[in-house]
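>
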Amino acid sequence: MISPNKPKKVKVASAKKEPETNCPFPKLTGIDTDKGLEIARNRPEFYIKLLTLFRDSQHNFHNDFLMEQQSDDPNGAMRTAHSLKGSAANIGATTLGDAALALEMACHEHNSEDEISERLKKVTAELDPLIAGLNDFLNNS
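In structure tokens, the structure reads:
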């Protein structure tokens with residue numbers, strides 16, 4: 285019998301929590317690292333892999349985009365901007381992703397070369413310091 289004077293101990297199953305990270309990331313230019321860690325399911329090692337993949341695949345974006353503009357593929361430049369947009373979202377680089385989307389849309393809508401060039405400049409203005417910050421962080425971690 286259970287009475288207030290003699291409570292019975294009951295085992296309660298606890299909900300399994302995601303492991304919390306005790307590895308604070310430094311502020312990285314152009315990147316919301318809290319958002320990026322959330323995307324990486326709070327796994328710092330995985331997030332660092334995502335950051336490394338982003339840096340390695342996007343560090344030459346400007347030249348890649350210009351080469352695609354000159355290629356025979358009419359959608360190559362648009363796909364290059366689209367790829368940057370998705371990669372930026374995966375690491376928490378929202379502002380860069382928005383700039384890449386604007387560039388992608390300019391290509392999709394066949395905007396003037398001047399308009400595409402202006403949007404490319406905005407992407408480069410976001411991307412270059414972001415890549416430099418990633419280089420500093422990844423080379424020193």
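Each residue of the sequence shown is one higher than the one before, counting from 285 in the working numbering.
All C-beta atoms in this analysis are idealised placements derived from N, C-alpha and C, irrespective of residue type, glycine included.
Which residue marks the beginning of the alpha helix (DSSP H) containing His392, and which one marks its end?
Its alpha helix (DSSP H) spans residues Thr378 to His392.
> Give me, in chain order, the residues of the same chain whose beta-carbon lies closer than 7 Å to that of Ser371; leave out the 5 immediate sequence neighbours on both sides.
Hits under 7 Å: Phe338, Ser341 and Gln342.
> What does DSSP give as the partner residue(s) for Leu312 in the beta ladder?
Leu312 is bridged to Ile315.
> On the premise that Gly314 lies in contact with Ala247, defined as a C-beta separation below 8 Å, what is that separation, rounded to the nearest angstrom?
Outside the displayed span of the chain (285 to 425) sits residue 247, for which this structure offers no information.
> Label Lys405 either buried or exposed according to how many other C-beta atoms from any shown protein chain fall within 10 Å of its C-beta, with 16 as the threshold for buried.
Exposed, by the Cβ-count rule.
> Given 8 Å as the limit, is there contact between the segment 379-388 and the segment 409-425, that is, 3 or more CB pairs closer than that?
They touch, by the three-pair rule.
> For His366, which option in Asp356, Gln354, Phe345 and Ile415 has the closest C-alpha, if you only look at C-alpha atoms?
Nearest of Asp356, Gln354, Phe345 and Ile415 to His366, Cα basis: Phe345.
> My parser needs the alpha helix (DSSP H) runs of 4 or more residues fully inside the segment 325-371; what are they?
The qualifying runs are 328-342 and 345-354.
> Check for me: the alpha helix (DSSP H) holding Ser401 runs from which residue to which?
Here the alpha helix (DSSP H) through Ser401 covers Glu397 to Asn423.
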